[in-house]
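What follows is a set of notes on a single structure, which appears directly below.
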Amino acid sequence: MYSRELDGKTYTFGVSGKLWRDALLMYDHQTRSLWAHITGEAIQGKLKGKKLTPLISMPQIAWKTWMANYPQTKVLSIKKLESRENDNYADYHKSQRAGVSGTQYTDKRLLNKSLVIGVQFEDKNGKKHYRAYPLIQFAETAIIQDTVNGVPLLIFHSKDSFATAVYKRTVDGKVENFEIKDDYLSQDSQGRQWNLITGKAKQQDDVSLERLTALNIYWFAWARFYPETSIYKP
Amino acid sequence: MKYTMFESLINKNSPIVHINMKIYHVLLIYIFLFMLFSITFNATAENEIDPIRTLLPYDAIPAITKPQFVSATEAKLDIDAPVIGVTFNGESHAYSLYLLNGHEIVNDVVGGKKIATTW
Numbered sequence: 240m241y242s243r244e245l246d247g248k249t250y251t252f253g254v255s256g257k258l259w260r261d262a263l264l265m266y267d268h269q270t271r272s273l274w275a276h277i278t279g280e281a282i283q284g285k286l287k288g289k290k291l292t293p294l295i296s297m298p299q300i301a302w303k304t305w306m307a308n309y310p311q312t313k314v315l316s317i318k319k320l321e322s323r324e325n326d327n328y329a330d331y332h333k334s335q336r337a338g339v340s341g342t343q344y345t346d347k348r349l350l351n352k353s354l355v356i357g358v359q360f361e362d363k364n365g366k367k368h369y370r371a372y373p374l375i376q377f378a379e380t381a382i383i384q385d386t387v388n389g390v391p392l393l394i395f396h397s398k399d400s401f402a403t404a405v406y407k408r409t410v411d412g413k414v415e416n417f418e419i420k421d422d423y424l425s426q427d428s429q430g431r432q433w434n435l436i437t438g439k440a441k442q443q444d445d446v447s448l449e450r451l452t453a454l455n456i457y458w459f460a461w462a463r464f465y466p467e468t469s470i471y472k473p
Numbered sequence: 027m028k029y030t031m032f033e034s035l036i037n038k039n040s041p042i043v044h045i046n047m048k049i050y051h052v053l054l055i056y057i058f059l060f061m062l063f064s065i066t067f068n069a070t071a072e073n074e075i076d077p078i079r080t081l082l083p084y085d086a087i088p089a090i091t092k093p094q095f096v097s098a099t100e101a102k103l104d105i106d107a108p109v110i111g112v113t114f115n116g117e118s119h120a121y122s123l124y125l126l127n128g129h130e131i132v133n134d135v136v137g138g139k140k141i142a143t144t145w
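First to last, the protein sequences are chains A and B. All the letters of the first sequence, read from the start, carry residue numbers 240 to 473 under this note's numbering. All the letters of the second sequence, read from the start, carry residue numbers 27 to 145 under this note's numbering.
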């Protein structure tokens with residue numbers, strides 16, 4: 240999920256039909272530069288080297304859970320396809336085959352098709368960090384509380400709704416510890432409750448946890464673009 | 027017996043010819059290495075260590091540029107269908123992943139924010 244605005248201009252994007260590092264390359268209609276959709280960076284063309292601003296989104300969630308939290312939501316509709324959709328990529332998702340180029344992936348820390356939550360953030364010195372949270376770590380718990388280079392993080396993943404969200408684990412400037420109360424409701428050490436789908440305080444609609452962008456992504460793709468990534472281990 | 031330079035070149039037993047043959051071989055090896063190096067070097071400069079592969083023509087997978095929306099009650103989605111959700115300034119949009127499989131990109135505006143939803 241990216242902003243289509245860059246340096247004061249608005250762009251629209253199409254599918255180039257090209258792959259780079261086994262991932263989709265988008266192109267913008269205005270300059271026909273090619274953009275890697277995993278990093279949002281232009282790798283060829285007039286805008287080469289430019290980066291789109293990533294935006295907070297829910298990378299995946301069960302429709303009923305989204306609707307329950309955002310009842311006013313609008314839903315993308317395509318008339319001719321509206322009835323029932325199939326997952327055309329089902330076979331691809333089932334196999335361990337990583338992409339179409341036949342590239343051998345060398346980062347064997349996890350299986351190619353392990354799903355991870357890919358998180359990137361800066362520490363207080365401005366150094367960028369990349370960290371992968373394997374979804375398998377959420378089998379027993381919906382939240383992981385982690386601290387990486389002094390940055391306290393709260394990672395939420397529900398195995399029922401498949402919802403994913405990543406927050407800074409601080410409230411009013413103080414590091415907090417959370418426990419899960421019910422489904423996606425959590426409580427901090429002061430007894431304040433937080434909806435981890437919306438990031439909002441239960442009692443105060445205008446108070447939110449600071450949220451980071453998160454990707455649900457296959458390990459091979461994450462490791463290919465961010466080889467320096469660390470992996471969370473309990 | 028005295029050899030001129032020319033005679034030494036055509037006499038295969040001459041030490042000068044041996045030297046020249048050696049230079050010739052070394053030169054060949056250098057040219058080969060140079061070609062190898064320049065191919066590798068250019069490739070690096072052009073990102074071609076990870077080549078761009080063309081699988082389909084442009085827009086063979088049609089991105090959505092004028093998305094249409096319905097309300098939650100009108101949507102004909104399974105309650106468990108996976109969607110991508112986004113919310114800005116009080117406005118929320120959901121995109122069925124199954125629909126996105128056929129389009130990959132939605133150029134959208136949500137709560138005044140111009141966004142590209144990619145899958």
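A virtual CB, placed ideally from N, CA and C, is assigned to each residue, including glycine.
>> Is the beta carbon of A:M297 closer than 9 Å to that of B:G111?
In response: Residue 111 of chain B sits at position 85 when you count from the first residue of the second sequence. Residue 297 of chain A sits at position 58 when you count from the first residue of the first sequence. The answer is yes: Cβ separation under 9 Å.
> Under three-state DSSP, which class holds A:F401?
Replying inline: Here residue 401 of chain A is taken as the residue at index 162 of the first sequence, counted from 1. Residue state, collapsed to three classes: coil.
> Quick one: is A:V254 near chain B, going by C-beta distance under 9 Å?
Replying inline: For the purposes of this step, residue 254 of chain A is taken as residue 15 along the first sequence, with counting starting at 1. By this cut-off, A:V254 is an interface position.
>> Given this structure, state the Cα-to-Cα distance separating A:N435 from B:L59, to the nearest angstrom.
In response: By one-based count along the first sequence, residue 435 of chain A stands at place 196. By one-based count along the second sequence, residue 59 of chain B stands at place 33. The sequence given here places Leu at residue 435 of chain A; Asn does not occur at that position. Going by the C-alpha atoms only, they are around 59 Å apart.
>> How far does the beta strand (DSSP E) with A:F395 in it extend, from its first residue to its last?
In response: Taking the first residue of the first sequence as position 1, residue 395 of chain A is located at position 156. First-last of the beta strand (DSSP E) with A:F395: V390 to H396.
> Can a CB atom of chain A be found closer than 9 Å to the CB of B:F58?
Replying inline: For the purposes of this step, residue 58 of chain B is taken as the residue at position 32 of the second sequence. Taking Cβ atoms only, chain A never reaches closer than 9 Å to B:F58, which makes this a no.
> What are the start and end residues of each continuous alpha helix (DSSP H) run of 4 or more residues lying completely inside the stretch 241-314 of chain A, in chain order?
Replying inline: The qualifying runs are 302-308.
> Is the CB of A:P310 under 9 Å away from at least one CB in chain B?
Replying inline: Looking up residue 310 of chain A in the first sequence gives position 71. Yes, contact with chain B.
> Comparing alpha-carbon positions, which option in B:I90, B:L125 and B:T91 lies nearest B:D104?
Replying inline: Here residue 104 of chain B refers to the residue found at position 78 when the second sequence is read from its first residue. Measuring from the Cα of B:D104, the nearest candidate turns out to be B:L125.
> In chain order, what residues of the same chain have a beta carbon less than 6 Å from the beta carbon of A:L263, not counting five sequence neighbours either side?
Replying inline: The residue given as residue 263 of chain A occupies position 24 in the first sequence. Excluding positions up to five away in sequence, the list reads H276.
>> Does any residue of chain A have a CB that is nearer than 9 Å to the CB of B:A69?
In response: Taking the first residue of the second sequence as position 1, residue 69 of chain B is located at position 43. With a pLDDT of 45 at B:A69, under the threshold of 50, the modelled position of that residue is not reliable, and the figure given next carries that caveat. Chain A contact via Cβ: absent.
> Would B:H51 count as contacting chain D if we go by Cβ distances under 9 Å?
Replying inline: This model lacks chain D altogether, as its protein chains are A and B.
> If we ignore side chains and look at the alpha-carbon of each, how far apart do A:W458 and B:Y84 end up?
Replying inline: Position 219 of the first sequence, counting from 1, holds the residue named residue 458 of chain A. Position 58 of the second sequence, counting from 1, holds the residue named residue 84 of chain B. Cα to Cα, the separation comes out at about 28 Å.
> Who are the neighbours of A:T249 on chain B, taking C-beta pairs under 7 Å?
Replying inline: In the first sequence, the residue the question calls residue 249 of chain A occupies position 10. Residues of chain B passing the Cβ test: K140.
>> Let's see if you can read the secondary structure: which residues bound the alpha helix (DSSP H) around B:L125?
In response: Residue numbering aside, residue 125 of chain B sits at position 99 when the second sequence is read from its first letter. In this chain, the alpha helix (DSSP H) harbouring B:L125 covers L123 to N127.
> Taking buried to mean at least 16 other C-beta atoms within 10 Å of its own C-beta, is A:R243 buried or exposed?
Replying inline: On the first sequence, residue 243 of chain A is found 4 positions in, with the first residue counted as 1. Counting Cβ neighbours within 10 Å, A:R243 comes out buried, since at least 16 surround it.
> Is the beta carbon of B:N133 sitting closer than 9 Å to the one on B:A142?
Replying inline: Mapped onto the second sequence, residue 133 of chain B falls at position 107. Mapped onto the second sequence, residue 142 of chain B falls at position 116. It is a contact, given that the beta carbons lie within the stated cut-off.
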